[in-house]
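Residue numbers for the sequence shown, in the working numbering: 4 to 94. What follows is one structure encoded as structure tokens, with my remarks underneath.
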Amino acid sequence: MANVKGITIELGLDSKSKLKLRAIAKHVGALADELDRIDNLKECPECSKLMISCEMYLDNELKSINRECECGYVMGCDFGNELPTHPEGSE
Numbered sequence: 004m005a006n007v008k009g010i011t012i013e014l015g016l017d018s019k020s021k022l023k024l025r026a027i028a029k030h031v032g033a034l035a036d037e038l039d040r041i042d043n044l045k046e047c048p049e050c051s052k053l054m055i056s057c058e059m060y061l062d063n064e065l066k067s068i069n070r071e072c073e074c075g076y077v078m079g080c081d082f083g084n085e086l087p088t089h090p091e092g093s094e
């Protein structure tokens with residue numbers, strides 16, 4: 004295996020600089036999540052516009068996905084799961 008040489012950089016950071024870097028890292032993570040969400044949007048098969056998605060969970064398990072377009076096209080999938088007819092505490 005080849006011997007790879009690297010560059011060593013020493014940075015002196017004060018407390019404010021460390022806080023600024025943490026803030027940048029937090030926002031970069033949020034931006035990455037938002038970009039992934041945009042990449043996962045579905046196009047309407049009727050008009051090619053982006054569809055609004057609604058996901059329904061029960062006990063942290065995905066139970067159904069419904070998508071709707073402004074042109075009126077609706078698409079849904081319930082994964083064959085039964086959804087509760089009476090939410091807990093509603094008796």
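For each residue, glycine too, the CB sits at the ideal point set by N, CA and C. The structure presented is a predicted model; accordingly, all values stated were derived computationally and were not measured.
1. Output the boundary residues of the beta strand (DSSP E) element that contains Val77.
2. Take every Cβ of the segment 13 to 28, pair it with every Cβ of the segment 50 to 62, and state whether three or more of those distances are shorter than 8 Å.
3. Pick helix, strand or coil for Ile41, following the three-state DSSP scheme.
4. Measure from the alpha carbon of Pro48 to the alpha carbon of each residue in Ser20, Glu73, Gly9, then state which is nearest.
5. So what's Ile12 in DSSP terms, helix, strand or just coil?
6. Would you mind sorting Arg40 into buried or exposed? The rule is 16 or more other CB atoms within 10 Å of its CB.
Straight from the coordinates:
1. 77 to 80
2. no
3. helix
4. Glu73
5. coil
6. exposed
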